[in-house]
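For reference, the structure discussed in these notes is given below.
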Amino acid sequence: NSGGNIFLNRVSNGAKAQTYRGNVTIKDSGGKMTMVTTSGDIVAYKTESNEIGDFLKARSQGGSVTLQSIGQRDVEASSVSGSINYVGNIANYGKYSFGSSYGTIRLAVSENTSCRFTASYGGGFSSELPIQDIRKERIGSTTSLSGRIGEGSCNLSFKTFGGSIVIKKLLSEKMEIAGDTALREYRFPGFKFNLQFTQ
Numbered sequence: 005n006s007g008g009n010i011f012l013n014r015v016s017n018g019a020k021a022q023t024y025r026g027n028v029t030i031k032d033s034g035g036k037m038t039m040v041t042t043s044g045d046i047v048a049y050k051t052e053s054n055e056i057g058d059f060l061k062a063r064s065q066g067g068s069v070t071l072q073s074i075g076q077r078d079v080e081a082s083s084v085s086g087s088i089n090y091v092g093n094i095a096n097y098g099k100y101s102f103g104s105s106y107g108t109i110r111l112a113v114s115e116n117t118s119c120r121f122t123a124s125y126g127g128g129f130s131s132e133l134p135i136q137d138i139r140k141e142r143i144g145s146t147t148s149l150s151g152r153i154g155e156g157s158c159n160l161s162f163k164t165f166g167g168s169i170v171i172k173k174l175l176s177e178k179m180e181i182a183g184d185t186a187l188r189e190y191r192f193p194g195f196k197f198n199l200q201f202t203q
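In this note's numbering, the protein residues as written are 5 to 203.
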């Protein structure tokens with residue numbers, strides 16, 4: 005698709021969605037997922053892994069990337085100037101990579117999350133989950149940080165040159181469906197954001 009929005013719903017065998025100018029939304033789908041846009045936002049909601057090796061990769065240059073209730077264990081999300089938002093579980097033995105050149109990376113995850121992580125950032129770093137085995141080093145305007153949350157059974161990496169990294173504890177979630185619009189609302193300390201899916 006050279007331009008315009010892409011909306012995919014209930015795709016069971018994976019999908020590759022790419023647009024030059026527009027948003028990409030995938031929901032209630034499974035398999036290998038690739039989403040790319042130049043100037044739009046990317047949203048993936050309620051995806052699942054059909055087999056070992058399934059992944060979800062999302063890349064936007066000028067927009068934000070928001071992932072919710074993701075079932076794949078190999079997840080990559082990146083943006084040049086937009087924010088990265090991830091809400092849901094971090095699976096044991098998974099691999100997660102989040103990067104934004106100038107945007108903030110926000111995670112809202114279970115207090116039972118177990119991972120080892122590395123982080124490189126130019127802004128700040130905050131976590132509501134306890135971190136152990138912390139190693140921190142500052143080189144120029146960038147800070148490198150590594151540590152462990154829980155037992156450390158998955159790998160998690162963050163990279164943002166100009167933004168901050170925020171890890172929140174997910175407390176509750178609410179879903180409302182009205183007509184052809186599904187609104188999913190998450191509340192947790194510090195901030196709240198809503199995502200709306202409209203075909």
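Cβ coordinates follow ideal geometry from the N, Cα and C atoms, glycine included.
- The Cβ atoms of V79 and Q65 do not sit closer than 8 Å to each other.
- Leaving aside the five residues that flank T146 on each side, the residues in its chain whose CB is nearer than 8 Å to its CB run, in chain order, S124, Y125, G126, F165.
- Per DSSP, the beta bridge partners of N159 are K99, R120.
- Annotation for V69: the continuous beta strand (DSSP E) segment containing it runs 69 to 74.
- Nearest to L174 by alpha-carbon distance, out of T108, V69, L133, Y106, is L133.
- The three-state reading of DSSP puts K36 in coil, since its state is none of H, G, I, E or B.
- At a Cβ-Cβ threshold of 8 Å, T51 and I88 do not count as neighbours.
- As computed with DSSP, K61 is found in a beta bridge with T38, E80.
- Between the alpha carbons of N54 and V15 lies a gap of roughly 11 Å.
- Assigned with DSSP and collapsed to three states, E141 falls in strand.
- Straight-line measurement puts the Cα of T108 at about 19 Å from the Cα of K140.
- Taken through DSSP and simplified to helix, strand or coil, E55 comes out as coil.
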